[in-house]
């Protein structure tokens with residue numbers, strides 16, 4: 011395939027990834043908001059746990075949430091899953107096209123680790139699989155019932171993953187694989203936990219029995235985790251435009267800091283949707299961004315001036331060949 015065709019394939023996949031990602035994130039944010047805003051109905055109805063009235067696009071809407079399920083299912087029941095699957099599939103396709111097909115240019119940095127394409131790709135794919143297995147296993151332990159401790163553990167594991175990947179991949183590829191690992195966890199949550207729990211709920215309602223409460227709790231937990239993973243993943247999607255983050259010597263720690271900022275911001279919105287005010291989360295997130303900007307600011311060497319002889323062209327050419335040519339040749 012020629013370079014021109016590859017560029018258009020890259021464009022098509024990237025655009026599709028953004029489109030499906032917007033749809034997935036939009037529905038995720040909407041349903042989290044919806045659940046938080048539910049209130050008891052003005053007129054009590056059997057089996058109804060809450061309702062919400064809204065106005066949008068010239069119409070009024072009343073959304074009802076049932077305690078368990080309605081007496082009978084409607085003819086058409088909408089499921090929200092294809093957005094997640096399509097986002098993951100287009101994201102993985104992009105990862106393969108950019109970082110695996112172009113492994114020597116984008117995935118491997120010989121100054122970081124002497125890897126061949128096959129070994130580097132195996133590490134990349136293995137990262138996605140192991141990340142899901144570790145996360146899924148932890149979610150099935152009592153630790154998952156302690157939100158603060160579990161969040162700290164996930165942050166520590168995510169930071170360790172970022173540190174490890176920056177020691178084997180190019181900086182950009184390391185960031186992208188952290189994002190791909192989180193995206194894989196999010197999509198697998200939908201495929202392996204959330205949708206099966208919803209199918210069980212529908213089957214139980216049809217059979218006239220009580221649904222499995224444990225599966226429902228797991229689904230709710232995974233949905234909540236996906237909600238908090240969203241903003242860190244969104245940053246990683248655009249991180250290639252900000253080399254002051256991924257190209258910094260402390261890139262793994264900067265990614266951890268930005269993830270904390272994103273999670274704190276999302277937590278503020280979640281609390282606000284529940285009608286709970288928090289005066290310090292957004293200011294703390296803002297101060298965190300400022301601190302990261304200060305830490306990553308370019309350092310000027312004392313006594314340096316523009317009047318020196320500068321580097322020899324041969325040295326410049328080596329830097330251009332290694333750092334610029336892969337993207338701009």
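In my numbering, the protein residues as written are 11 to 339.
The beta-carbon is built from N, C-alpha and C at its ideal position, and this holds for glycine as well.
Here's the rule: buried if 16 or more other CB atoms are within 10 angstroms of the residue's CB, otherwise exposed. What is residue 121?
Exposed: under 16 other Cβ atoms inside 10 Å.
Option in 254, 215, 69 and 28 with minimal Cα separation from residue 84:
Per the C-alpha coordinates, the member of 254, 215, 69 and 28 positioned closest to residue 84 is 215.
Check whether residue 231 and residue 245 have beta carbons under 7 Å apart
Cβ distance not < 7 Å, so residue 231 and residue 245 don't count as in contact.
Only counting the same chain, and skipping five residues up and downstream in sequence, which positions put a Cβ closer than 6 Å to that of residue 339?
Low confidence applies here, because residue 339 scores a pLDDT of 47, under 50, leaving its location unreliable; read the following figure in that light. Correct list: empty, nothing qualifies.
Quick one: Cα of residue 225 to Cα of residue 12, how far?
Using only the alpha carbons, I get a separation of about 49 Å.
For residue 64, write down the residues that DSSP places opposite it in a beta bridge.
71.
Where residue 1 and residue 69 are concerned, what is the direct C-alpha to C-alpha distance, given to the nearest angstrom?
This structure does not reach residue 1, given that the chain is present from 11 up to 339, and the question cannot be answered.
Taking the straight line between their C-alpha atoms, what separation do you get for residue 263 and residue 54?
Each residue's Cα considered, the two are about 52 Å apart.
Completely contained alpha helix (DSSP H) runs for the region 163 to 217, where each covers 4 or more residues
Secondary structure within the region 163 to 217: the alpha helix (DSSP H) runs of 4 or more consecutive residues, fully enclosed, are 181 to 198 and 205 to 217 (chain order).
Limits of the alpha helix (DSSP H) - the one that residue 278 falls within:
Start and end: 261 to 283.
Could you check what DSSP says for residue 238 in three-state terms: helix, strand or coil?
Residue state, collapsed to three classes: helix.
In terms of residue numbering, what span does the alpha helix (DSSP H) encompassing residue 48 cover?
No alpha helix (DSSP H) contains residue 48, which DSSP labels as neither H nor E.
Cβ-based burial, residue 194 [other Cβ within 10 Å; buried from 16]:
Its Cβ being crowded by 16 or more others within 10 Å, residue 194 is buried.
Using DSSP's beta-bridge definition, name the partner residues of residue 76.
Under DSSP, residue 76 takes part in a beta bridge, and its partners are 58.
Where the alpha helix (DSSP H) containing residue 127 begins and where it ends:
Counting along the chain, the unbroken alpha helix (DSSP H) around residue 127 starts and ends at 127 to 149.
Ends of the alpha helix (DSSP H) at residue 12?
Where residue 12 is concerned, there is no enclosing alpha helix (DSSP H), given that its DSSP letter is neither H nor E.
If the criterion is Cβ atoms closer than 7 Å, does the pair residue 33 and residue 93 meet it?
In contact: residue 33 and residue 93 (Cβ atoms closer than 7 Å).
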